[in-house]
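If you read the sequence shown in the UniProt record's numbering, its first letter stands for residue 1, the second for the next number, and so on.
Note sheet for the following structure.
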Amino acid sequence: MSKFTIEIVSDTVCPWCYVGHKKLQKAITAYKAQSPDATFSISWKPYYLNPAAPKTGIDKIEFYKSKFGDDRAAMIFARLAAVGKDVGIDFKFGGKTGNTRDSHRLIHLAGQEEEEEEGGEVLQTRVVEELFKSYFENEEDITDHGVLTAAAVKAGLGEEKVRGWLESDLGGEVVDREVGKAQMMGIRGVPNFTINGKFQMGGAQDHVEFVRAFEQVVEKA
1 MSKFTIEIVS
11 DTVCPWCYVG
21 HKKLQKAITA
31 YKAQSPDATF
41 SISWKPYYLN
51 PAAPKTGIDK
61 IEFYKSKFGD
71 DRAAMIFARL
81 AAVGKDVGID
91 FKFGGKTGNT
101 RDSHRLIHLA
111 GQEEEEEEGG
121 EVLQTRVVEE
131 LFKSYFENEE
141 DITDHGVLTA
151 AAVKAGLGEE
161 KVRGWLESDL
171 GGEVVDREVG
181 KAQMMGIRGV
191 PNFTINGKFQ
201 MGGAQDHVEF
211 VRAFEQVVEK
221 A
């Protein structure tokens, strides 16, 4: 039986991280179809694409335009819409963007409380998925504690604990250290995937590339 541990370095406002996650899930499904006994354990680590982003949300479209210019921003939106459609993501580009530190603290909390459900995703991954969906498909504000709480509760975390966690700075130092660790490891962009602590892949790879990586890990074990 093959066991895979996959560490994903990601930012919650990174559209390619959402795409990469969808492609990874497709790869896992494909690999398990040929190797039913294979097991996969996924953990999420933080990254700040824009560490200086404001703690209060700002207009997402205007942010993209100011960073890339109107024409390039329009091209980015069009490309993401097309790529998203292929993997089941309905990308929308309205709403607000901003600092992601609190969302990463929430993901860290989920990792601490993670429990496997038979036949389901682990808690931390469910929280990440809800945050992605909230931000990229529902046009909600990644800096808003109400939005973060709703996503976490939907994923299975207790509301009272989440509210208390977000109102404090619990997990903040850990998250900051993990971001620094990723940078020291040479990670300059996300998503980044490390399989079984050895095999590293960057970017939103096609699912067949992930399957090939799983096969190579087994061959070299």
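We treat Cβ as the ideally placed atom computed from N, Cα and C, and that holds for glycine.
*Spatial neighbours of Glu130 within its chain, please: CB distance less than 6 Å, with the 5 preceding and 5 following residues excluded, ordered by chain position.*
These residues qualify, in order along the chain: Ala151, Lys154 and Ala155.
_For Val122, count the other beta carbons within 10 Å of its own beta carbon; 16 or more makes it buried, fewer makes it exposed. Which is it?_
By the 16-neighbour rule on beta-carbons within 10 angstroms, Val122 is buried.
*Between the Cα of residue 229 and those of Glu62, Phe136, Arg105 and Gln200, spot the shortest distance and give me the residue it belongs to.*
The structure shown does not extend to residue 229, since the chain is modelled only from 1 through 221, so no value can be given for it.
*Drop a sphere of 10 angstroms on the beta-carbon of Ser10, count the other beta-carbons inside from all chains shown, and report buried for 16 or more, exposed for fewer.*
Taking a 10 Å sphere around the C-beta of Ser10, we find 16 or more other C-beta atoms and assign the residue as buried.
*Just confirm the distance between the C-beta atoms of Ser2 and Val218, as a whole number of angstroms; I'd bet it's less than 8 Å.*
Their Cβ separation, rounded to whole angstroms, is 5 Å, which keeps Ser2 and Val218 in contact under 8 Å.
*In this structure, what does DSSP give as the bridge partners for Asn192?*
Beta-bridge partners of Asn192 (DSSP): Val9 and Gly202.
_Beta-carbon proximity of Ile89 to Tyr18, cut-off 9 Å_ = It is a contact, given that the beta carbons lie within the stated cut-off.
_Classify Gln205: buried if its beta carbon has 16 or more other beta carbons within 10 angstroms, exposed otherwise._
By the C-beta density criterion, Gln205 is buried, having at least 16 other C-beta atoms within 10 angstroms.
*Rounded to whole angstroms, what's the CA-CA distance from Gly119 to Asp70? Just pull it up for me.*
Reliability fails at Gly119, whose pLDDT of 46 lies under 50, so the model's placement of it is uncertain and no value is given.
_Let me check one thing: in DSSP terms, what residues is Asp141 bridge-paired to?_
As computed with DSSP, Asp141 is found in no beta bridge at all.
_Nearest candidate by alpha-carbon position, reference Ala53, set Thr12, Gln216, Val83 and Ser134_ = Ranked by how close their Cα comes to the Cα of Ala53, the residues Thr12, Gln216, Val83 and Ser134 have Thr12 in first place.
*Start and end residues, alpha helix (DSSP H) containing Pro15*: Segment Pro15 to Gln34, the alpha helix (DSSP H) holding Pro15.
*Spatial neighbours of Lys65 within its chain, please: CB distance less than 7 Å, with the 5 preceding and 5 following residues excluded, ordered by chain position.*
Ala73.
*Pick helix, strand or coil for Thr97, following the three-state DSSP scheme.*
Secondary structure at Thr97: strand, using DSSP grouped into helix, strand and coil.
*Please go through the same chain and pick out, in chain order, the residues whose beta-carbon is closer than 7 Å to the beta-carbon of Ser103, but skip the five residues on each side of it.*
For Ser103, where only same-chain residues beyond five positions count, the Cβ hits under 7 Å are Thr12, Leu131, Ile142 and Leu148.
_Counting C-beta neighbours from all protein chains within 10 Å, is the total for Thr97 16 or more, i.e. buried, or is it exposed?_
Buried, because 16 or more other Cβ atoms sit within 10 Å of the Cβ of Thr97.
*Which word fits Val128, buried or exposed, when buried means at least 16 other C-beta atoms lie within 10 angstroms of its C-beta?*
Val128 is classed as buried because its beta carbon has at least 16 other beta carbons within 10 Å across all chains shown.
*What are the boundary residues of the alpha helix (DSSP H) that Phe40 is part of?*
Phe40 -> not in any alpha helix (DSSP H); beta strand (DSSP E) instead, spanning Thr39 to Pro46.
*Give every residue of the same chain whose Cβ lies closer than 6 Å to the Cβ of Phe210, excluding the five residues on either side of it in the sequence, and list them in chain order.*
Within the same chain, Phe210 has close Cβ partners Leu24 and Ala27.
*Since Gln112 and Ser43 are thought to touch, with beta carbons under 8 Å apart, how far apart are those beta carbons, to the nearest angstrom?*
In fact, because the Cβ distance is near 11 Å, the residues do not count as touching under 8 Å.
*asked:* On the CB-based measure, 16 or more other CB atoms within 10 Å of its CB, does Arg126 come out buried or exposed?
replied: Note on Arg126: 16 or more other CB atoms within 10 angstroms of its CB, so buried under the neighbour-count rule.
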